[in-house]
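Quick note: the sequence shown, position 108, residue 108 per the UniProt record's numbering, numbers continuous. For glycine and all other residues, C-beta sits at the position ideal for the given N, C-alpha and C. In what follows, a single structure is set out as structure tokens and then discussed.
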Amino acid sequence: MVLDNEALYDICFRTLKLTTPSFGDLNHLISGTMSGVTCCLRFPGQLNSDLRKLAVNLIPFPRLHFFMVGFAPLTSRGSQQYISLTVPELTQQMWDAKNMMCAADPRHGRYLTASAMFRGKMSTKEVDEQMINVQNKNSSYFVEWIPNNVKSSVCDIPPKNLRMASTFVGNSTSIQEMFRRVSEQFTAMFRRKAFLHWYTGEGMDEMEFTEAESNMNDLVAEYQQYQDAAVDDEGEYEDDVDGVEDD
């Protein structure tokens with residue numbers, strides 16, 4: 001799961017209106033999100049899940065295992081007790097690009113798979129209806145060659161000081177934006193061989209950095225390939241899968 005300081009600070013400044021966010025504020029956002037991801041391991045629920053099921057449902061191809069995460073409602077420390085949302089409001093906020101905790105806009109890519117974890121006393125039927133509505137309204141943001149690619153689970157126990165909350169985990173091709181940015185920053189420094197002597201002095205080889213850069217660029221290209229893939233290409237992927245099963 002990918003979380004980066006740029007997105008976390010952006011949430012603190014723009015959404016929570018904090019003028020000088022501390023690491024405690026960032027950790028509050030991260031801990032709430034990770035608590036939501038693991039809640040089904042720790043509490044009973046109507047539609048429970050676990051990390052193994054999460055991995056199986058979210059990773060269609062081995063290398064594409066980097067997830068965007070989001071949380072709703074977003075709150076600053078100490079203000080949770082004043083927040084009360086309905087299931088439709090939670091769903092809308094959870095899928096909002098402003099709630100994502102890595103600096104990539106999901107509207108610039110397509111979802112391969114996604115999972116939503118709701119916490120609190122709520123109707124499972126209402127949760128399912130809201131998830132279907134999201135997919136119908138935003139069908140262009142989901143790849144059509146992976147059917148039923150959004151999973152939801154419900155845990156009866158809400159977070160502390162909240163009546164209900166939701167956590168989002170998505171495998172979106174838009175995460176390549178972040179990898180591109182990291183790659184560009186790395187390339188700019190690597191060309192000047194900035195700080196390289198600290199690593200070579202400890203026994204690393206310059207070629208290791210070149211290979212890492214190449215792997216990063218290959219990953220970006222792979223995300224782009226599946227973002228551009230259409231239903232016409234589906235047979236190609238089925239052939240790949242059949243080949244694996246035959247082995």
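Asked                                                                                                                                                                                     : Found
Q93 and A114: beta carbons closer than 8 Å?                                                                                                                                               : no
In terms of residues, what are the limits of the beta strand (DSSP E) holding K125?                                                                                                       : Unbroken run through K125 is the alpha helix (DSSP H), 124-137; no beta strand (DSSP E).
Roughly how many angstroms separate the alpha carbons of residue 283 and Y226, rounded to a whole number?                                                                                 : As shown, the chain starts at 1 and ends at 247. That puts residue 283 outside it, with no answer to give.
Quick one: grab the DSSP three-state call for L74.                                                                                                                                        : coil
Could you check whether the segment 148-156 touches the segment 177-191, counting it as contact only if at least three pairs of C-beta atoms, one from each stretch, sit closer than 8 Å? : no
For a minimum of 3 consecutive residues, which ranges assigned as the beta strand (DSSP E) are wholly contained in the segment 164-197?                                                   : 164-172
Report, in whole angstroms, the separation of the C-beta atoms of R77 and G24, which I expect to be a contact under 8 Å.                                                                  : 7 Å
Short check: CB of V69 to CB of F179, under 8 Å?                                                                                                                                          : no
What residues in its chain sit with their C-beta under 7 Å from that of L3, if we drop five residues either side in the sequence?                                                         : I30, V69, M101, C102
Alpha carbon to alpha carbon, what distance is there between G203 and R107?                                                                                                               : 43 Å
Straight-line CA distance for R14 to I175?                                                                                                                                                : 21 Å
Is it buried or exposed for A230, if we count other Cβ within 10 angstroms and need 16 for buried?                                                                                        : exposed
From the DSSP secondary-structure annotation, give me the bridge partner or partners of A114.                                                                                             : V150, G170
Would you call T200 buried or exposed, if buried means 16 or more other Cβ atoms sit within 10 Å of its Cβ?                                                                               : exposed
Got a sec, what are the start and stop residues for the alpha helix (DSSP H) G32 sits in?                                                                                                 : 23-42
Indicate the three-state DSSP secondary structure (helix, strand or coil) for M94 in the structure shown.                                                                                 : helix
Can you round the beta-carbon distance between L58 and I11 to whole angstroms, since I take them to be within the 8 Å contact cut?                                                        : Actually they do not touch by this definition, with Cβ atoms about 23 Å apart.
Alpha helix (DSSP H) containing Y226: first to last residue?                                                                                                                              : 206-228
Taking the DSSP output, what are the residues bridged to G120?                                                                                                                            : M164
Bridge partners of M68, per DSSP?                                                                                                                                                         : V2, G170
Opposite F13 in the DSSP bridges: which residues?                                                                                                                                         : F13 pairs with nothing; no bridge assigned.
Hey, out of Y9, H197, E89, whose CA is closest to S22's CA?                                                                                                                               : Y9
Mark S84 as exposed unless 16 or more other C-beta atoms lie within 10 angstroms of its C-beta, in which case mark it buried.                                                             : exposed
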